[in-house]
Amino acid sequence: MTGFFSAIGAAVRRSIAGLGHATRMFLTVLALSPALLRRFRLVTDQVFFVGNLSLVIIAVSGLFVGFVLGLQGYYTLNRYGSEQALGLLVALSLVRELGPVVTALLFAGRAGTSLTAEIGLMKAGEQLTAMEMMAVNPLQRVVAPRFWAGVIAMPVLAAIFSAVGILGGYVVGVQLIGVDAGAFWSQMQGGVDVRADVLNGVIKSFIFGIAVTFIALYQGFEAKPTPEGVSRATTRTVVIASLAVLGLDFLLTALMFSN
Numbered sequence: 327m328t329g330f331f332s333a334i335g336a337a338v339r340r341s342i343a344g345l346g347h348a349t350r351m352f353l354t355v356l357a358l359s360p361a362l363l364r365r366f367r368l369v370t371d372q373v374f375f376v377g378n379l380s381l382v383i384i385a386v387s388g389l390f391v392g393f394v395l396g397l398q399g400y401y402t403l404n405r406y407g408s409e410q411a412l413g414l415l416v417a418l419s420l421v422r423e424l425g426p427v428v429t430a431l432l433f434a435g436r437a438g439t440s441l442t443a444e445i446g447l448m449k450a451g452e453q454l455t456a457m458e459m460m461a462v463n464p465l466q467r468v469v470a471p472r473f474w475a476g477v478i479a480m481p482v483l484a485a486i487f488s489a490v491g492i493l494g495g496y497v498v499g500v501q502l503i504g505v506d507a508g509a510f511w512s513q514m515q516g517g518v519d520v521r522a523d524v525l526n527g528v529i530k531s532f533i534f535g536i537a538v539t540f541i542a543l544y545q546g547f548e549a550k551p552t553p554e555g556v557s558r559a560t561t562r563t564v565v566i567a568s569l570a571v572l573g574l575d576f577l578l579t580a581l582m583f584s585n
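Residues in the sequence shown are numbered from 327 upward in steps of one, following the working numbering.
Here is the structure:
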């Protein structure tokens, strides 16, 4: 029994220590970020890298999510004679919820694991140690550009997901099922509020970008310098980032749409 509680206590201590270390690393990255203004090319290169990694899967997933929303939305609204509101249902579902959340989950599984593996392999190859020996801070040179690249790329990818999803809903609802095109777009235009819906979706994406990208980089930076250690770090990235996105989504939704 004593060993059981000792194991729990040790796990709690490790969790608290890891949280403290992650917080210190996050604040250090923020403090070092202004120096990137003189080398902003480092950030833009990484924006292209992480965005290019996720663009195809984001676009294809958004299209099929739009197809499903168009079908399910029409079948549901048709029961109440409200199929003309299909455009509003598709747009609100994507802009408020599915766009930011699904994009963040896909980003974690595609670009997030790539970032973790990249940093972990650099650590295993002692490249980070070599930077420190040359008086180059790896947090500033390696971590910070990738962090801000993920933060910038996430809202853009979420916007692409939502736009392609709306197009998918239009194809199914208007072109295949026969919903009036004018009603589809007019309901969407009249019911979607820029501040309450679009802006809140962008804020969600921005926060998800911070969380997912930092988790991926932290797991790579703290991975054991072995192939097995890097493999486990990439797995932890997907699990922790996915749970963080879903938990943050609940909190943000409760705060943004409670009224």
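Positions of the beta carbon are idealized from the N, C-alpha and C atoms, including for glycine.
When we look at the beta-carbon of N378 and count the other beta-carbons within 10 Å, is it buried (16 or more) or exposed? In the sequence shown, the residue the question calls residue 378 occupies position 52. Flag for N378 reads exposed.
Between the region 379–393 and the region 558–576, do three or more beta carbon pairs fall short of 8 Å? no
Can you look up N463 in the DSSP assignment and give me helix, strand or coil? Working through the sequence shown from its first residue, we reach residue 463 at position 137. Here N463 sits in coil by DSSP.
Can the beta-carbon of I503 be found less than 8 Å from the beta-carbon of G392? By 1-based counting over the sequence shown, the position of residue 503 is 177. By 1-based counting over the sequence shown, the position of residue 392 is 66. No, Cβ-Cβ distance for I503 and G392 is not below 8 Å.
Where the alpha helix (DSSP H) through Y594 begins and ends: Outside the displayed range of the chain (327 to 585) lies residue 594, so it cannot be described from this structure.
Please classify D519: does DSSP put it in a helix, a strand, or coil? Within the sequence shown, residue 519 is the residue found at index 193, counting from 1. Coil at D519, not helix or strand.
Neighbour-count burial assignment, P426, 16 or more Cβ in a 10 Å radius: What you label residue 426 is simply residue 100 of the sequence shown in a count that begins at 1. Looking at its Cβ environment, which holds 16 or more other Cβ atoms inside 10 Å, P426 is buried.
Any idea what DSSP makes of T552, helix, strand or coil? Numbered from 1 along the sequence shown, position 226 holds the residue referred to as residue 552. Correct three-state label for T552: coil.
Mind checking whether G344 and T442 have CB atoms under 8 Å apart? For this step, residue 344 is matched to residue 18 along the sequence shown. For this step, residue 442 is matched to residue 116 along the sequence shown. No, these two residues do not count as a Cβ contact at 8 Å.
From D586 to L572, what distance separates their C-alpha atoms? In the structure displayed, the chain extends from 327 to 585; residue 586 sits before or after that span and is not available.
Helix, strand or coil at V421 according to DSSP, with G and I counted as helix: Reading the sequence shown from its first residue, position 95 is the one you call residue 421. In this structure, V421 counts as helix in the three-state DSSP scheme.
Using the beta-carbon count (16 or more within 10 Å), is Q501 buried or exposed? Along the sequence shown, read from residue 1 onward, the residue named residue 501 stands at position 175. Exposed: under 16 other Cβ atoms inside 10 Å.
Could you give the distance in angstroms between the alpha-carbon of E452 and the alpha-carbon of G446? Position 126 of the sequence shown, counting from 1, holds the residue named residue 452. Position 120 of the sequence shown, counting from 1, holds the residue named residue 446. Cα to Cα, E452 sits roughly 10 Å from G446.
Three-way DSSP call (helix, strand, coil) for G435 in this model: Locating residue 435 in the sequence shown gives position 109, counting from the first residue. G435 falls in the helix class under three-state DSSP.
Mind checking M460: buried by the 16 CB within 10 Å criterion, or exposed? As a first step, residue 460 must be located in the sequence shown, where it is residue number 134. Label assigned to M460: exposed.
In chain order, which alpha helix (DSSP H) runs of at least 4 residues are fully inside the region 442–501? 453–459, 470–496
With 8 Å as the threshold, decide whether the Cβ of A489 is near any Cβ in chain D. Looking at the structure shown, chain D is missing, and only one protein chain is on hand.
Own chain residues within Cβ distance below 6 Å of M582, not counting five before or after: Position 256 of the sequence shown, counting from 1, holds the residue named residue 582. Counting only Cβ-Cβ distances below 6 Å, and skipping sequence neighbours, we find N526.
Distance between K550 and E409 (C-alpha atoms, nearest Å): In the sequence shown, counting from the first residue as 1, residue 409 sits at position 83. In the sequence shown, counting from the first residue as 1, residue 550 sits at position 224. Those two C-alpha atoms are separated by around 55 Å.
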